[in-house]
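Going by our numbering, 100 is the number at position 100 of the sequence shown; the sequence numbering is gapless.
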Amino acid sequence: MIDAFESLSAEEQKQLLKAPALVSVLAASYDYEITKAEKAEAFRFTHLKSYQAHPTHLFYFLKVEDSFEKNFRETVEKYAPFDDDKRHALKAELNLTNSIIEKLEDSLAKAIHKSLLEYTDHIRKADRSFLEYFVFPLPIPGLTD
Numbered sequence: 001m002i003d004a005f006e007s008l009s010a011e012e013q014k015q016l017l018k019a020p021a022l023v024s025v026l027a028a029s030y031d032y033e034i035t036k037a038e039k040a041e042a043f044r045f046t047h048l049k050s051y052q053a054h055p056t057h058l059f060y061f062l063k064v065e066d067s068f069e070k071n072f073r074e075t076v077e078k079y080a081p082f083d084d085d086k087r088h089a090l091k092a093e094l095n096l097t098n099s100i101i102e103k104l105e106d107s108l109a110k111a112i113h114k115s116l117l118e119y120t121d122h123i124r125k126a127d128r129s130f131l132e133y134f135v136f137p138l139p140i141p142g143l144t145d
């Protein structure tokens, strides 16, 4: 697994390590701003991912954790304010990341892809209100999704 990662160019490795920050910023900025709760949850979730990772994938998630805060900050600076054009550019950068993931060994590629989906889901839910969790505990399309 480590060999597959290290066989990537330095630029591809850097881009792959940025992927969780890119996904977190995109998910958090769905309403064109990033709240403190969303930012805090992104940092907390990254820390948890390094503890939950499969041992053969741990090296990647530890590297992500080491660089996440810097990558998150740089991504916010690059794409703020989060208008439609900037969010479109952020999505284009994520598409570049997908092409890099495809070069990896299958199990690592699947682990990273699954992790990015989890980041998206987790960060989008970080700013939910009291009402959504206690008054509307079940998902209601258009209201809680």
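Note that CB positions come from ideal geometry on N, CA and C, so glycine has one too.
(request) Would you mind sorting SER29 into buried or exposed? The rule is 16 or more other CB atoms within 10 Å of its CB. (result) Flag for SER29 reads buried.
(message) Tell me the rounded alpha-carbon separation between LEU94 and HIS47.
(response) The straight-line gap from Cα to Cα measures roughly 21 Å.
(request) Can you tell me which of LEU96, GLU38, ALA89, GLN15 puts its alpha carbon nearest to the alpha carbon of ASN71? (result) For the options LEU96, GLU38, ALA89, GLN15, the alpha carbon positioned closest to that of ASN71 is the one of GLN15.
(request) Report the residue from THR75, ALA19, ILE112, LEU96 whose alpha carbon sits nearest the alpha carbon of HIS54. (result) Selected option, being the one with the closest Cα: ILE112.
(message) Measuring alpha carbon to alpha carbon, tell me which residue in ALA19, THR35, TYR32, LYS86 is nearest SER115.
(response) If we check each option's Cα against that of SER115, ALA19 comes out closest.
(request) Compute the distance between the beta-carbons of ARG22 and LEU90, then report whether it is under 8 Å. (result) Going by the sequence as given, residue 22 is Leu instead of Arg. Their beta carbons are under 8 Å apart, which means LEU22 touches LEU90 by this criterion.
(request) Leaving out five residues on either side along the sequence, give the residues of the same chain with a beta carbon under 8 Å from the beta carbon of GLU33. (result) Same-chain partners within the cutoff: PHE82.
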